[in-house]
Amino acid sequence: MGGTPRVILVLGAARSGKSLYAREIGEAFQGKRLFVATAQALDREMAERIENHRRERGDLWETREEPLEIARVLSEAQDRYSVVLIDCLTLWVSNLLMTYREDKDGMEERLEGLVGSLKTTKIPVVLVSNEVGWGVVPENPLARSFRDLAGRLNQRVAQAADRVVLMVAGIPLVVKDKG
């Protein structure tokens, strides 16, 4: 890998260009690339979004749809791929909240599993996440839980990352680089 960062976190607001930027990072690697999609097609509009993203990726990526067990997928990807792109952590947090709302230990186990996998990965991993903390305080408990959990996860992943990039209007701003 040389001087290439092992773990890269790409953060930003909706439509900030983070997915495209992350995909461009991944496409710079030769060999097999794995795209881990956390989105679930729970309605027609989301199904169309997912299909559009598949078309945009084309044949350069093998896609694995995994709404919950991304640490396991990352572990299985070791020595099989040249890079893994996980898009996106905030949808994953939403999936965890809906699945483990009453099981805080189950949710924490998955969060820790991901952070632990990032610390030991042998292959480059690019993660996409939304920066959700710059808006107003949500009015209901579930939305506040989501915002808080996403913010804490972003902090933990950023700690484990070699590079953190904040996307603003399609412009990447490097906020951490272990170089």
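Numbering (the working numbering), first residue to last: 6 to 184.
Using N, Cα and C, we set each Cβ at its ideal position, and we do this for glycine too.
Being a predicted model, the structure only gives us computed values, none of them experimental.
Next on the checklist: Per DSSP, what are the beta-bridge partners of arginine 69 in this structure?
Outcome noted: Val41
Item to check | Minimum C-alpha distance to proline 129 - residue among Lys23, Leu39, Ala19 | outcome: Leu39
Item to check | As assigned by DSSP and simplified to three states, the class of lysine 181 | outcome: strand
Checklist entry - Which residue or residues does DSSP assign as beta-bridge partners of glycine 17? => result Asn135, Met172
Next on the checklist: Could you compute how far the alpha carbon of glutamate 61 sits from the alpha carbon of alanine 33?
Outcome noted: 16 Å
Item to check | Spatial distance of arginine 77 from threonine 125 (CA atoms) | outcome: 13 Å
Next on the checklist: For phenylalanine 151 and glutamate 81, what's the separation of their Cα atoms in angstroms?
Outcome noted: 28 Å
Checklist entry - aspartate 64 to leucine 132, Cα distance in whole Å? => result 20 Å
Checklist entry - From aspartate 185 to serine 134, what does the alpha carbon distance come to, in whole angstroms? => result Residue 185 lies beyond the stretch modelled for the chain, which goes from 6 to 184, so this question has no answer here.
Item to check | Integer Cβ distance of valine 179 from leucine 14, believed to fall under 8 Å | outcome: 11 Å between Cβ atoms; not a contact.
Checklist entry - DSSP on leucine 154, reduced to helix/strand/coil? => result helix
Checklist entry - According to DSSP, is isoleucine 128 helix, strand or coil? => result coil
Item to check | Close Cβ partners of glycine 7 (< 7 Å) along its chain, the five nearest in sequence each way excluded | outcome: Note that glycine 7 has pLDDT 46, beneath the 50 cutoff, so the model's placement of it is unreliable and the number below is only indicative. No residues qualify anywhere along the chain.
Next on the checklist: In whole angstroms, give me the CA-to-CA distance for glycine 31 and threonine 68.
Outcome noted: 13 Å
Item to check | Residue of Arg161, Leu102, Glu113 minimising C-alpha distance to isoleucine 148 | outcome: One point to set straight first is that residue 148 is alanine, not isoleucine, in the sequence displayed. Of the candidates Arg161, Leu102, Glu113, the one whose C-alpha sits nearest the C-alpha of alanine 148 is Leu102.
Checklist entry - Between lysine 2 and lysine 127, what straight-line distance do the alpha-carbon atoms span, to the nearest angstrom? => result Look at the range of the chain in this structure, 6 to 184, and you will see that residue 2 is not part of it.
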